[in-house]
Amino acid sequence: MQADARDARRDLAGQPLLLLMLALYYADPEVEFDAGLSTADLYAGLLDTYARREATKSAGCALDEDTVRRKAADQLHRLAVAALGMFNRGRQHISEDELSADLRALEIDGTGDQLIGEFFFVHINQAHTTRTQRVYEFLHATFAEYLVAVRACEVLLVAVATMRAGARKSVDDELCTLLSHQPLSTQAPVLEFAAEWMANRDVAERAELAGALDRLIAEHRSRPPSPRYTTYQPLEPDRIRATAAYCANLVLLRALALGEENPSFDGARWPRCVALFEAGLDHSAYTSVL
33 MQADARDARR DLAGQPLLLL MLALYYADPE VEFDAGLSTA DLYAGLLDTY
83 ARREATKSAG CALDEDTVRR KAADQLHRLA VAALGMFNRG RQHISEDELS
133 ADLRALEIDG TGDQLIGEFF FVHINQAHTT RTQRVYEFLH ATFAEYLVAV
183 RACEVLLVAV ATMRAGARKS VDDELCTLLS HQPLSTQAPV LEFAAEWMAN
233 RDVAERAELA GALDRLIAEH RSRPPSPRYT TYQPLEPDRI RATAAYCANL
283 VLLRALALGE ENPSFDGARW PRCVALFEAG LDHSAYTSVL
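Residue numbers (this note's numbering): 33 to 322.
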């Protein structure tokens, strides 16, 4: 790796695992060094590079570009499910059984043991109980934080596209399912990555995202339970906590879409939201939102 690349990314190069990945990433002749590349874009490049490499390696033969791209995208999607499973449970690991259950609940093909073993930046512990139980953990928490942020934003895009198509009901089933457990603000890097993702959207798209989030915030209290994804339960069911966490995440994403440090609402909406956060979230989660 060239010294200028290392020096420009000193925030990553000071950590051995990330330095190794950075060196291998820039060793690719097709990757051009860009000192202005955002941290989120760099992580996107790192993860995409390794997902594509693993897709080719696992196939054992040459693949056409469309197949490589599809397999890499599928693998990153499943890794995001793992990252969200950890985040929503409030810890940095997930068992093979938990991951398999999450994949089934979200209607994604595959099981936990097929998903993560090939990625060297995921650590596998094996607990010997009545049977071997694998527990997965990212070797560096920032990978999980990046995946959580980007998946949340991608699913928001799906909800916005559904609204744009004229749908009035069930526009946010997956968004609500994934973001009704923990506020994104409980891990500051998640919000930082989401902010960088938002900053890469043009003004018109960010305005559309903010408008869609306004609608979701206004309707979330009266939102009927979705018939989909009902078995996705990383935590014990708690309707008040779920409503508070989802509202908090909608508010946080709206603030990021508009580039605001603090959300602004008309009338009494913000005080009602704050009261809901206080009632439904634990103290650390509540204070992280504010």
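Glycine residues also receive a C-beta, built at the ideal position from the N, C-alpha and C atoms.
Contact set for residue i: own chain, Cβ-Cβ below 6 Å, skip 5 residues either direction
{"i": "leucine 216", "result": "Val222, Leu223, Asn281 and Leu284"}
{"i": "glutamate 206", "result": "Val187"}
{"i": "threonine 218", "result": "Ala317 and Ser320"}
{"i": "methionine 33", "result": "Note that methionine 33 has pLDDT 49, beneath the 50 cutoff, so the model's placement of it is unreliable and no number is given."}
{"i": "alanine 112", "result": "Leu179 and Arg183"}
{"i": "glutamine 107", "result": "Ala83"}
Residues near residue i by beta carbon distance below 7 Å, same chain, minus five either side
{"i": "glycine 142", "result": "Arg110 and Leu135"}
{"i": "glutamate 240", "result": "Val192"}
{"i": "alanine 173", "result": "Gln124"}
{"i": "arginine 301", "result": "none"}
{"i": "alanine 276", "result": "Leu308, Phe309, Ala311, Gly312 and Leu313"}
{"i": "tyrosine 278", "result": "Cys208, Leu211, Ser212 and His252"}
Spatial distance of residue i from residue j (CA atoms)
{"i": "glutamate 139", "j": "arginine 271", "result": "23 Å"}
{"i": "arginine 247", "j": "glutamine 47", "result": "42 Å"}
{"i": "arginine 238", "j": "alanine 105", "result": "24 Å"}
{"i": "arginine 101", "j": "arginine 84", "result": "7 Å"}
{"i": "tyrosine 261", "j": "proline 61", "result": "43 Å"}
{"i": "valine 180", "j": "cysteine 93", "result": "31 Å"}
{"i": "leucine 14", "j": "arginine 253", "result": "Within the shown structure, residues of the chain are numbered from 33 to 322, placing residue 14 beyond reach of any answer."}
{"i": "valine 306", "j": "glycine 312", "result": "10 Å"}
{"i": "glycine 77", "j": "tyrosine 178", "result": "12 Å"}
{"i": "histidine 155", "j": "arginine 304", "result": "42 Å"}
{"i": "histidine 213", "j": "leucine 308", "result": "14 Å"}
{"i": "glutamate 292", "j": "alanine 91", "result": "46 Å"}
{"i": "arginine 121", "j": "phenylalanine 65", "result": "37 Å"}
{"i": "histidine 315", "j": "leucine 171", "result": "28 Å"}
Residue range of the unbroken alpha helix (DSSP H) whose run includes residue i
{"i": "proline 257", "result": "Per DSSP, proline 257 belongs to no alpha helix (DSSP H) and is neither H nor E."}
{"i": "serine 222", "result": "The amino acid occupying residue 222 in the given sequence is valine; serine does not appear at that position. Looking at the DSSP string, the run of the alpha helix (DSSP H) that includes valine 222 is 220 to 231."}
{"i": "glutamate 237", "result": "235 to 251"}
{"i": "threonine 275", "result": "271 to 290"}
{"i": "serine 320", "result": "315 to 321"}
{"i": "glutamate 310", "result": "301 to 312"}
{"i": "leucine 52", "result": "48 to 59"}
8 Å CB neighbourhood of residue i in its chain, flanking five on each side removed
{"i": "cysteine 185", "result": "Ala226, Trp229, Met230 and Leu285"}
{"i": "serine 258", "result": "Ser202, Asp205, Cys208 and Thr209"}
{"i": "alanine 242", "result": "Arg286, Ala289 and Leu290"}
{"i": "methionine 195", "result": "Val203, Ala244 and Arg247"}
{"i": "leucine 79", "result": "Leu108, Leu111, Phe175, Tyr178 and Leu179"}
{"i": "leucine 232", "result": "Leucine is not the amino acid found at residue 232; the sequence shown has asparagine there. Once the five neighbours on either side are set aside, the close Cβ partners of asparagine 232 are Ser70, Ala72 and Asp73."}
**Prompt:** Enumerated in chain order, which unbroken segments of the alpha helix (DSSP H) with a length of 4 residues or greater are wholly contained in the segment 72 to 145?
**Reply:** 97 to 121 and 128 to 137
**Asked** So, do the segment 70 to 89 and the segment 224 to 236 have three or more beta carbon pairs nearer to each other than 8 Å?
**Response** yes
**Item:** Sequence ranges, alpha helix (DSSP H) only - wholly within the segment 186 to 221, length at least 4
**Value:** 205 to 210
**Asked** When the Cβ atoms of the segment 111 to 123 are set against those of the segment 263 to 270, are three or more pairs found closer than 8 Å?
**Response** yes
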